[in-house]
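Just below is one structure, and these are the notes that go with it.
Residue numbers (the numbering used here): 978 to 1194.
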């Protein structure tokens, strides 16, 4: 995989890095305070994302390093290429519906079946180029339109409920009509999406922690 595809995966694996890059692409250059205000992200999250993106040469500081005020940032040329590739990739995901035995994390499917069978709808694994989806009930007529697939084939759904991090992974939870979506970043290139009934009596944080525990076993 090329450096720009690596950078695209790195950006996509964090909603904070993605939001910072999208702001700089549309409205940059920008100060951390401006980015925070326009993206509704806390400034510490913005500052951390900028530091991480600078290390990958996705963004650059446009003023001298010694300047403590008015620190202006923008995307590098490589950063713009990476973001463009990410945008293209999100609309060109190859989706395959698979059975439990063919899902990349078959232990997770078994775990969800045993503990959440009454509320879980589908689980999807995304690797940057393709997504494998397992439906716990009947496969819908148009699986491309399934909410768990559209996590990655659009710029992301509206309706964010909460976000945070487990011991190792960042996650975002979305509340949509008739479904709750959990988007979990495994690494720079891989993600998991899980769809639950919207009225599921499940603590989101406990659910994400349980998924984390299953993946570590």
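Ideal Cβ positions, reconstructed from N, Cα and C, are used throughout, including at glycine.
C-alpha distance - residue i paired with residue j, whole-angstrom precision
{"i": "residue 1174", "j": "residue 1185", "result": "15 Å"}
{"i": "residue 1111", "j": "residue 1089", "result": "11 Å"}
{"i": "residue 1193", "j": "residue 1039", "result": "41 Å"}
{"i": "residue 1081", "j": "residue 1190", "result": "16 Å"}
{"i": "residue 1071", "j": "residue 1044", "result": "46 Å"}
{"i": "residue 1076", "j": "residue 1104", "result": "18 Å"}
{"i": "residue 1108", "j": "residue 1014", "result": "34 Å"}
{"i": "residue 1158", "j": "residue 1101", "result": "11 Å"}
Where residue i falls, given that 16 or more other Cβ within 10 Å makes a residue buried
{"i": "residue 1182", "result": "exposed"}
{"i": "residue 1162", "result": "buried"}
{"i": "residue 979", "result": "For residue 979, the predicted structure reports a pLDDT of 39, less than 50, and the residue's modelled location is therefore unreliable. A value from the coordinates is still provided. By the 10 Å Cβ count, residue 979 comes out exposed."}
{"i": "residue 1132", "result": "Low confidence applies to residue 1132: its pLDDT is 48, below 50, so where it sits in the model is not reliable enough to give any reading."}
{"i": "residue 1098", "result": "buried"}
Candidates the options: closest to residue i by CA position
{"i": "residue 1058", "options": "1021, 1008 and 986", "result": "986"}
{"i": "residue 1091", "options": "1061, 1152 and 1188", "result": "1188"}
{"i": "residue 932", "options": "1046, 1099, 1061 and 1043", "result": "Here the chain covers residues 978 to 1194 and nothing more, so residue 932 does not appear."}
{"i": "residue 992", "options": "1078, 1165 and 1180", "result": "1165"}
{"i": "residue 1054", "options": "1160, 1025 and 1037", "result": "1037"}
Residue i CB to nearest heavy atom of the ligand PLP below 7 Å
{"i": "residue 1184", "result": "No copy of the ligand PLP appears in this structure; indeed no ligand is present at all."}
Rounded Cβ spacing between residue i and residue j (contact assumed at less than 8 Å)
{"i": "residue 1200", "j": "residue 1027", "result": "Any property of residue 1200 remains undetermined from this structure, which presents the chain solely from 978 to 1194."}
Jot down the residue ranges of each uninterrupted beta strand (DSSP E) in the region 990-1049, minimum 3 residues, whole runs only, in chain order.
1036-1038
Continuous beta strand (DSSP E) assignments of at least 3 residues falling wholly in the region 1051-1096:
1071-1074
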